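**Q** Take a look at the following structure, please.
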Amino acid sequence: MLDLSCSTEPLDTVPKYTAPIEAAVQITGDWKARLSVVASESFARRISCSMFSLQHDECTREEMLDAWGEVINVIGGNVKGMYEGECSLTIPCVGRPEREQFEDGLRLTYECENENFTIWFQSA
Amino acid sequence: MKILIVDDSKAMRMIVGRTLRQAGFTGHDVSEASNGVEALEKIRTESPDLVLSDWNMPEMNGIELLGNVREEGLKTRFGFITSESSEATLHTATEAGAEFVITKPFNADTMLMKLAPIFA
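As you go down the protein sequences, you meet chains A and B in turn.
Under my numbering, residues 1 to 124 are what the first sequence spells out, in order.
Under my numbering, residues 1 to 120 are what the second sequence spells out, in order.
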């Protein structure tokens, strides 16, 4: 969809992101979970510009938040689709992570275009 | 053909429009709506030939939109472009009157495959 080169195997470590941006969704219903994607703001902006077909740094902060939210919407929908039962996906929430470090749950970090992003999964 | 793209994400509306062009569906009159309420009004006033709608949106989601469209007796051709990928979603969409479901992420080939019968 975006023609970006990303690793398919997760990295061994979770980096500390500069000016991190997190987009999160909740899965509610028969199964409850929280899913988020975290990266540095510069990477989120690159992805956003790509989604908007703009040059790097041309998209506004509002557009970046919109696009980053759509990224977790796509991930969340696909994860939700793997589970049976009646579940719903919330509208994405985007902002600075509330916690500095990833605590419980499953953390998967991938490389994409020489930067990293982490998908964080917590099941209730 | 008049096409209405419905998604609360401006980025995704751009991607859908771009992918439509990449799939060869060019020269059509494409408009946008950011939620189901706005889309329903455009369907009533602009009579698009085809609606490409997201599922999960604030104010009125995609399945509610389709339900309202059918309730008003409108025969607008309707399909979903959504991250909701479960069999239950596909079943619900089909039962409600959607002609296809395109799952995000998607590419031009997927869009061509799903929409070719519509444009034929």
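Heads up, the beta-carbon is just placed ideally off N, CA and C, and yes, glycines get one too.
None of the values given here were measured: they were computed from a predicted structure.
(1) Check the Cβ-Cβ distances between residue 30 of chain A and every residue of chain B, and say whether any is below 8 Å.
(2) Among residues of its own chain, excluding the 5 on either side of residue 93 of chain A, which ones have a beta-carbon nearer than 6 Å to its beta-carbon?
(3) So which residues of chain B does residue 91 of chain A contact, with C-beta pairs closer than 9 Å?
(4) Does DSSP put residue 95 of chain B in a helix, in a strand, or in coil?
(5) Can you pull the chain B residues whose beta carbon is under 7 Å from the beta carbon of residue 105 of chain A, in chain order?
(6) Going along chain A, which residues have a C-beta under 8 Å from residue 18 of chain B?
(7) Can you check which of these residues, A:67, A:29 and A:123, is closest to residue 85 of chain A by C-alpha distance?
(8) Assuming residue 56 of chain B contacts residue 36 of chain B under a Cβ cut-off of 8 Å, what Cβ separation, rounded to an integer in Å, is found between them?
(9) State whether the region 26-40 of chain A contacts the region 57-75 of chain A, with contact taken as three or more CB pairs (one from each stretch) at a distance under 8 Å.
(10) If you measure beta-carbon to beta-carbon, which residues of the region 52-72 of chain A are closer than 8 Å to chain B?
(11) Taking contact to mean at least 3 C-beta pairs separated by less than 8 Å, is the region 1-8 of chain A in contact with the region 47-59 of chain A?
(12) Quick check on residue 94 of chain B - is its C-beta less than 8 Å from some C-beta in chain A?
(13) Going by DSSP in three states, residue 20 of chain A sits in which element: helix, strand or coil?
(14) Just the Cα atoms here: how many angstroms apart are residue 19 of chain B and residue 28 of chain B?
(15) Chain B beta carbons: is any one of them nearer than 8 Å to that of residue 95 of chain A?
(16) Is residue 48 of chain B closer than 8 Å to residue 76 of chain B when the C-beta atoms are compared?
(17) I need the DSSP call for residue 25 of chain A, collapsed to helix, strand or coil.
(18) In this structure, what does DSSP give as the bridge partners for residue 82 of chain B?
(19) Less than 8 Å separating the beta-carbons of residue 110 of chain B and residue 101 of chain B?
**A** Looking at the coordinates:
(1) It does not; no Cβ of chain B falls within 8 Å.
(2) Taken in chain order, the residues that qualify are 24.
(3) Near residue 91 of chain A (Cβ distances below 9 Å), the residues of chain B are 8, 56, 57 and 58.
(4) In the three-state reduction of the DSSP assignment, residue 95 of chain B falls in the helix class.
(5) In chain order: nothing, as chain B lies at least about 20 Å away.
(6) Neighbours of residue 18 of chain B across chain A, judged by C-beta separation under 8 Å: 53.
(7) Nearest C-alpha to residue 85 of chain A: A:29.
(8) In this structure residue 56 of chain B does not touch residue 36 of chain B by the C-beta definition: roughly 11 Å separates them, more than the 8 Å allowed.
(9) The answer is yes - the region 57-75 of chain A touches the region 26-40 of chain A, with three or more Cβ pairs under 8 Å.
(10) Of all residues in the region 52-72 of chain A, 52, 53, 63, 66, 67, 69 and 70 have a Cβ within less than 8 Å of some Cβ in chain B.
(11) In short, these stretches touch, since the Cβ pair count reaches three.
(12) No, residue 94 of chain B does not count as interfacial toward chain A.
(13) Three-state DSSP puts residue 20 of chain A in a strand.
(14) When only Cα atoms are considered, residue 19 of chain B and residue 28 of chain B end up about 13 Å apart.
(15) No, its Cβ sits nowhere closer than 8 Å to a Cβ of chain B.
(16) Against a cut-off of 8 Å, the Cβ pair of residue 48 of chain B and residue 76 of chain B comes out as a contact.
(17) Here residue 25 of chain A sits in strand by DSSP.
(18) B:103, per the DSSP bridge assignment.
(19) No, Cβ-Cβ distance for residue 110 of chain B and residue 101 of chain B is not below 8 Å.
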